[in-house]
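In this text, residue positions in the sequence shown follow the working numbering: the first is 19, and each later residue adds one.
The beta-carbon is built from N, C-alpha and C at its ideal position, and this holds for glycine as well.
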Amino acid sequence: MKLNYFIRLILCVFIPLSIGCQQFNNQLQTEPDGLTSVSNGDVIYDDTPLLGRVFIGDAGDRFGTDEFALNSATVDGDVLKVNLSYSGGCEAHLFTLVVSETFLESFPVQLPIYIAHNANGDTCEAYPTEEYQFDLTPIKTMYQKAYQVEAGTIILRLKDAADTDLVYKFTM
19 MKLNYFIRLI LCVFIPLSIG CQQFNNQLQT EPDGLTSVSN GDVIYDDTPL LGRVFIGDAG
79 DRFGTDEFAL NSATVDGDVL KVNLSYSGGC EAHLFTLVVS ETFLESFPVQ LPIYIAHNAN
139 GDTCEAYPTE EYQFDLTPIK TMYQKAYQVE AGTIILRLKD AADTDLVYKF TM
């Protein structure tokens, strides 16, 4: 009789208690619906270069006059690659490569260019550094039309690129 009582006690007390503890443990591991947590190990950094616009002509202040730092610039094929830093981080920033319509006659010819920055009124104080790329094929097309040749070399005179010769060589 005491054994039967002991078995009933186990069935009535310990089994519901263990089931309740398991359910409570499951609730602790489950986050409320709609919430997502991210740890540093979960972040995937996107190092894809951003694409800037190219404008040929007199732009004036049309594409912005906000400050930025030009960290580096290189020409790779038909692409100008620049590394830029600027103050902001809360708004979309636009960078435009403004290209002169006139080649400077020398050998090889030179072309004044500059980068215009529009921060869209961003007042945040972060200081991001990003890679931007600008397509140089409109410059190649302009050169080919002006000189009636397929191949050429242009020295790109990028404003604020201290003593950096950006040589743009191309064939067809």
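What do you get for residue i, buried or exposed, if any count of 16 or more other CB atoms within 10 angstroms of its CB means buried?
i	result
Phe-125	exposed
Tyr-161	buried
Lys-158	buried
Thr-141	exposed
Ala-110	exposed
Gln-47	Because Gln-47 carries a pLDDT of 46, less than 50, the predicted location of this residue cannot be relied on, and the following value inherits that uncertainty. Exposed: under 16 other Cβ atoms inside 10 Å.
Val-100	buried
Thr-66	exposed
Leu-154	buried
Ala-144	exposed
Ala-91	buried
By the three-class DSSP mapping on this structure, what secondary structure does residue i have?
i	result
Thr-159	helix
Tyr-186	strand
Tyr-150	strand
Tyr-165	helix
Phe-81	coil
Thr-141	coil
Ala-179	coil
Asp-96	coil
Phe-86	coil
Thr-66	coil
Leu-174	strand
Take residue i and list the residues in its own chain whose beta-carbon comes closer than 7 Å to its own, dropping the five residues that flank it on each side.
i	result
Val-185	Val-93, Thr-171 and Ile-173
Lys-187	Thr-171
Ala-77	Val-116 and Ala-134
CB-CB under 6 Å to residue i, same chain, minus the five flanking residues each way: which ones, in chain order?
i	result
Ala-169	Thr-189
Phe-152	Gly-70, Val-72, Leu-98 and Leu-115
Ile-146	This sequence places Pro at residue 146; Ile is not what is there. Excluding sequence neighbours, Pro-146 sits near Gly-107.
Ser-57	Reliability fails at Ser-57, whose pLDDT of 44 lies under 50, so the model's placement of it is uncertain and the value that follows must be treated cautiously. Result list for Ser-57: empty, nothing under 6 Å.
For residue i, which residues from the same chain have a beta carbon less than 8 Å from its beta carbon, with the 5 sequence-adjacent residues on both sides left out?
i	result
Glu-85	Tyr-104, Ser-105 and His-135
Ala-164	Phe-121
In the stretch 98-129, which residue ranges form an unbroken beta strand (DSSP E) of at least 3 residues, counting only runs that do not cross its ends? You should have 112-117.
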